[in-house]
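Asks: First, the structure itself, so that you have it in front of you.
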Amino acid sequence: MRKEIALSLVLVLLLALSGCAGKQEPAGDNTSIVVGFSQLGAESSWRIANTASMEQAAKDAGYGLMMENANQKQEKQIDAIRSFIAYRVDVIVFSPIVETGWDNVLTEAKQAGIPVILMDRMIETQDDSLYTAYIGADFYAEGRRAGEYLIRKADATGAEHLNIVEICGTTDSTPMRDRQRGFMDVIRKDDRFSVIDSVDGDFLRSKGEECMRELLAKYGADGIDVIYSHNDSMTLGALDVLESANDPSVKDMILITVDGEKEAVDALKAGRINCVVQCTPQLGPAVMKLVAELNAGKELPKVNHPNEGAFTDFDNLSDPAVEGF
Ligand code: AHR
119 MRKEIALSLV
129 LVLLLALSGC
139 AGKQEPAGDN
149 TSIVVGFSQL
159 GAESSWRIAN
169 TASMEQAAKD
179 AGYGLMMENA
189 NQKQEKQIDA
199 IRSFIAYRVD
209 VIVFSPIVET
219 GWDNVLTEAK
229 QAGIPVILMD
239 RMIETQDDSL
249 YTAYIGADFY
259 AEGRRAGEYL
269 IRKADATGAE
279 HLNIVEICGT
289 TDSTPMRDRQ
299 RGFMDVIRKD
309 DRFSVIDSVD
319 GDFLRSKGEE
329 CMRELLAKYG
339 ADGIDVIYSH
349 NDSMTLGALD
359 VLESANDPSV
369 KDMILITVDG
379 EKEAVDALKA
389 GRINCVVQCT
399 PQLGPAVMKL
409 VAELNAGKEL
419 PKVNHPNEGA
429 FTDFDNLSDP
439 AVEGF
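All residue numbers for the sequence shown refer to my numbering, where the first residue is 119 and numbers rise by one.
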């Protein structure tokens with residue numbers, strides 16, 4: 119019996135050692151690469167599509183993917199990153215729920231010699247060496263696209279004054295901050311527009327509904343001309359509330375949303391939404407490409423944005439290129 123236990127211990131030790139040795143094989147042997155991925159949650163269809171894209175791309179590249187879902191909790195993301203460091207993964211990819219509060223854990227990753235790729239969201243830090251690269255949308259440009267659409271729409275309809283309500287994503291997250299800043303930078307100097315309220319919808323459909331109920335109670339449907347919502351999930355929640363309000367002013371409202379999921383693009387085609395600013399969740403293949411380049415010893419560009427645009431009611435919406443994810 120004692121002999122069997124000793125043998126098992128030796129086997130465990132050998133497996134552990136071969137695991138460590140495996141990770142030092144030359145570049146090109148994908149099976150030895152392990153990516154630790156801290157996903158922030160499952161708050162929206164966008165996020166679910168993003169997780170699926172990461173899983174599929176890791177599989178296609180032949181990489182091991184250790185994924186932890188933080189259910190919208192920063193502490194859980196920090197714990198996940200620490201567990202990836204303890205495991206000595208080859209690369210850490212993570213999507214930070216908010217921008218601040220990462221310096222300590224990322225310093226630990228740096229000291230352990232593990233490169234970090236920020237995916238989808240940025241961090242606020244004085245020390246850029248804490249991450250190797252960022253890959254994700256240019257949220258500021260998305261906000262600007264939303265504002266530019268609104269100006270075009272106001273010009274086309276001859277609107278004299280429009281009251282805007284903004285349903286924001288998670289407070290202090292990159293898309294919330296930059297979609298707001300980009301939008302405001304475009305419309306600020308145009309006195310046809312007043313942002314009468316900005317509320318936190320946390321990127322959740324249920325919160326989008328809740329926010330819309332409160333906004334309707336506060337301003338009435340005739341007091342709101344434009345809804346600028348930071349993602350489709352919240353927009354679709356708000357739309358459910360608007361359409362069940364049975365108020366004729368609702369049909370004159372201008373709805374601007376961000377993401378481009380199928381349900382939102384279908385709503386645009388049906389005339390229920392006016393503008394869908396695109397934000398792609400399909401980041402997995404580009405992330406794995408960066409991992410491969412890193413593994414081959416290449417220097418990565420610090421910031422990597424996908425190409426994105428917007429679909430609007432000015433477009434030919436029967437064009438097959440107008441489709442959601
Ligand atoms: O960070 C990207 C944003 O997060 C998407 O717009 C939103 O749907 C998601 O929850």
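Built from N, CA and C at the ideal position, the CB exists for glycine as well.
(1) Cβ of C397 within 8 Å of Cβ of T430?
(2) If contacts are defined as beta-carbon pairs under 8 Å, then V152 and V211 qualify, I think. What distance do you get, rounded to the angstrom?
(3) Using a Cβ distance threshold of 8 Å, determine whether the region 236-250 contacts the region 269-277, with at least three qualifying pairs required.
(4) With DSSP as the reference, label T375 as helix, strand or coil.
(5) Rounded to whole angstroms, what's the CA-CA distance from A404 to M371? Just pull it up for me.
(6) Quick one: what's got a C-beta closer than 8 Å to A251's C-beta in the same chain, skipping five residues either side?
(7) Under 8 Å, Cβ to Cβ, is there at least one residue of chain E near S324?
(8) Is any heavy atom of ligand 1 found at a distance shorter than 7 Å from the C-beta of G287?
(9) Using the rule of at least 16 other Cβ atoms within 10 Å of the residue's Cβ for burial, across every protein chain shown, is G319 buried or exposed?
(10) Roughly how many whole angstroms lie between the Cα atoms of L386 and S247?
(11) Is it the case that the CB of F321 approaches a heavy atom of ligand 3 more closely than 7 Å?
(12) Have a look at G378, G231, N168 and F321 and flag the residue whose alpha-carbon is nearest the alpha-carbon of G402.
(13) Between the region 253-260 and the region 312-326, do at least 3 Cβ pairs fall closer than 8 Å?
(14) If I measure Cβ to Cβ from V383 and keep anything under 8 Å in the same chain, skipping five residues before and after, which residues do I get?
(15) Among the residues of its own chain, which have a CB less than 7 Å from the CB of R263, if the five just before and after it don't count?
(16) Would K271 be called buried (16 or more neighbouring beta carbons within 10 Å of its own) or exposed?
(17) By Cβ distance, which residues of its chain are closer than 6 Å to L373, with the 5 residues on each side in sequence left out?
(18) Which one of F432, A410 and D296 has the shortest CA to CA distance from G182?
(19) Just checking R262 against ligand 1 - is the residue's beta carbon closer than 7 Å to any of the ligand's heavy atoms?
(20) Tell me which residues share the same chain as L129 and place their Cβ nearer than 7 Å to its Cβ, disregarding the 5 neighbours each side in the sequence.
(21) Taking only three categories from DSSP, how would you classify G159?
(22) Report yes if the C-beta distance between L412 and V209 is below 8 Å; otherwise report no.
(23) Where does G261 fall in DSSP's three states?
(24) Going straight from the alpha carbon of R299 to that of G261, what length do you get?
(25) Would you mind working out which of D350, S324 and K369 sits nearest G341, comparing C-alpha positions?
Replies: To lay it out plainly:
(1) It is not a contact, given that the beta carbons lie outside the stated cut-off.
(2) No, V152 and V211 are not in contact; Cβ-Cβ is about 11 Å, not under 8 Å.
(3) no
(4) strand
(5) 37 Å
(6) I235, L236, L408, L418, P419, K420, V421 and N422
(7) The structure shown contains no chain E, having only a single protein chain.
(8) yes
(9) buried
(10) 42 Å
(11) Absent from the structure shown: ligand 3. Ligands present: ligand 1.
(12) N168
(13) No, the region 253-260 does not touch the region 312-326.
(14) V394, F429, V440, E441 and G442
(15) V395 and A428
(16) buried
(17) I345, I391 and N392
(18) A410
(19) R262 Cβ: outside cutoff for every heavy atom of ligand 1.
(20) For L129, the pLDDT reaches just 38, beneath the cut-off of 50, and the residue's location in the model is therefore unreliable, although a value from the coordinates is still provided. Nothing listed; no residue qualifies.
(21) coil
(22) At a Cβ-Cβ threshold of 8 Å, L412 and V209 count as neighbours.
(23) helix
(24) 7 Å
(25) When only C-alpha atoms are compared, the closest one is K369.
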